[in-house]
Amino acid sequence: MDRTPDNHEDIVDYLQRQHTEIRALFAEVAKTTGEHRRDRFRELVRLLAVHETAEELVVHPAVRDLTGGKKLAEARLGEEHRAKELLSTLDKLGPGRDGFDTLLEQLREDVLAHAEHEERDEFPLLRKKLSAERRRAMASTAKTAESIAPTHPHPGVEGSTANLLLGPPVAIVDRARDAIRSALNR
Ligand SMILES: [Fe+2]
Ligand SMILES: [Fe+2]
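Take a look at the structure:
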């Protein structure tokens with residue numbers, strides 16, 4: 006997977022790329038076992054927490070301000086809220102426990118349907134109505150969430166970052182929100 010940072014990438018390219026990674030990670034968690042599966046699941050938790058938080062604070066508010074965007078944005082926010090709750094339930098349960106596979110499949114269906122709605126309704130609207138400059142600025146803001154909770158941590162990551170990465174989804178979401186809010190207020 007290409008993870009090279011691209012300064013010309015706009016918000017739609019960036020989120021689309023994360024959707025591809027999310028789909029791939031769900032497939033990997035479904036087909037792996039043991040420690041490998043736990044690692045992939047942690048990666049999925051981090052990526053979903055960071056991704057959905059960036060959309061919540063950067064994308065849906067912009068869509069809501071566009072003509073016809075209010076209903077779309079509110080429906081997506083509701084789906085994200087439900088997905089985060091299910092993600093927390095799954096995270097508490099942990100891979101290997103009874104019921105995990107059923108809940109994981111439910112989360113996968115919900116998240117992928119949600120991503121399709123965004124790709125179908127919101128992304129084309131952003132491309133059509135917002136300038137390329139604004140879309141690139143939105144990508145930079147969204148990326149600040151990744152800096153607090155890297156989705157692909159390097160080996161040897163230590164201290165509070167490492168603890169955070171092992172922490173519950175709600176802690177990652179809170180840190181991502183703080184990072185994005187401070188970027189928005191800059
Ligand atoms: Fe989303
Ligand atoms: Fe998304």
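Offset between the sequence shown (1-based) and this note's numbering: plus 5. Just so it is clear, CB atoms sit at the ideal spot from N, CA and C, and this is done for glycine as well. This one's a predicted model, so the numbers in the text were calculated from it and none came from an experiment.
TODO: Answer with buried or exposed for P129, where buried requires no fewer than 16 other C-beta atoms within 10 angstroms of its C-beta.
DONE: Under a 10 Å Cβ-count criterion, P129 is classified as exposed, with fewer than 16 other Cβ atoms of the shown protein chains found around its own Cβ.
Task: Straight-line gap, A188 to I153 (C-alpha atoms, nearest Å) - done: Approximately 12 Å between the Cα atoms of the pair.
Open item on the list: What does the alpha-carbon distance come out to for the pair H86 and R125?
Closed with: Rounded to whole angstroms, H86 to R125 spans 20 Å at the Cα level.
Open item on the list: Given the structure, does E123 come close to ligand 1, in the sense that its CB is under 7 Å from one of the ligand's heavy atoms?
Closed with: Relative to ligand 1, the beta carbon of E123 is positioned inside 7 Å of a heavy atom.
TODO: From the DSSP output, in three-state form, read off S152 for me.
DONE: Helix.
Open item on the list: Which of the three DSSP states is assigned to T38 in this structure?
Closed with: DSSP places T38 in coil when its eight states are reduced to three.
Task: Per-residue DSSP class, three states only, for G83 - done: In the three-state reduction of the DSSP assignment, G83 falls in the helix class.
- [ ] Return the Cβ separation of L52 and E90 in integer angstroms, given the expectation that the two are a contact with Cβ distance under 8 Å.
- [x] Contact between L52 and E90 fails: their C-beta atoms lie close to 17 Å from each other, not under 8 Å.
Task: Residue from A80, G83 and Q111 whose Cα sits closest to the Cα of L95 - done: Shortest Cα-Cα distance from L95 to any of A80, G83 and Q111 involves Q111.
TODO: Consider the C-beta atom of E151 and the heavy atoms of ligand 2; say whether any pair is separated by less than 7 Å.
DONE: The beta carbon of E151 sits no closer than 7 Å to any heavy atom of ligand 2.
Open item on the list: For the alpha helix (DSSP H) containing S187, name the first residue and the last one.
Closed with: Element bounds for S187: P174 to L189.
- [ ] For E79, verify whether its CB is less than 7 Å away from any heavy atom of ligand 1.
- [x] Flag unset: Cβ of E79 not near ligand 1.
Task: Three-state secondary structure (DSSP) of E123 - done: Note: E123 maps to helix in three-state DSSP.
Open item on the list: Considering only heavy atoms of ligand 1, does any lie closer than 7 Å to the CB of P86?
Closed with: Residue 86 is actually His in this sequence, not Pro. Incorrect: H86 has no Cβ contact closer than 7 Å to ligand 1.
Task: CA nearest to the CA of S136, picked from L98, A67, D103 and D115 - done: It is A67 whose Cα lies nearest to the Cα of S136.
Open item on the list: Less than 8 Å between the C-beta atoms of R43 and L30, yes or no?
Closed with: Not closer than 8 Å, so no.
Task: A32, buried or exposed, once every other Cβ within 10 Å from all chains shown has been counted against 16 - done: Result: exposed.
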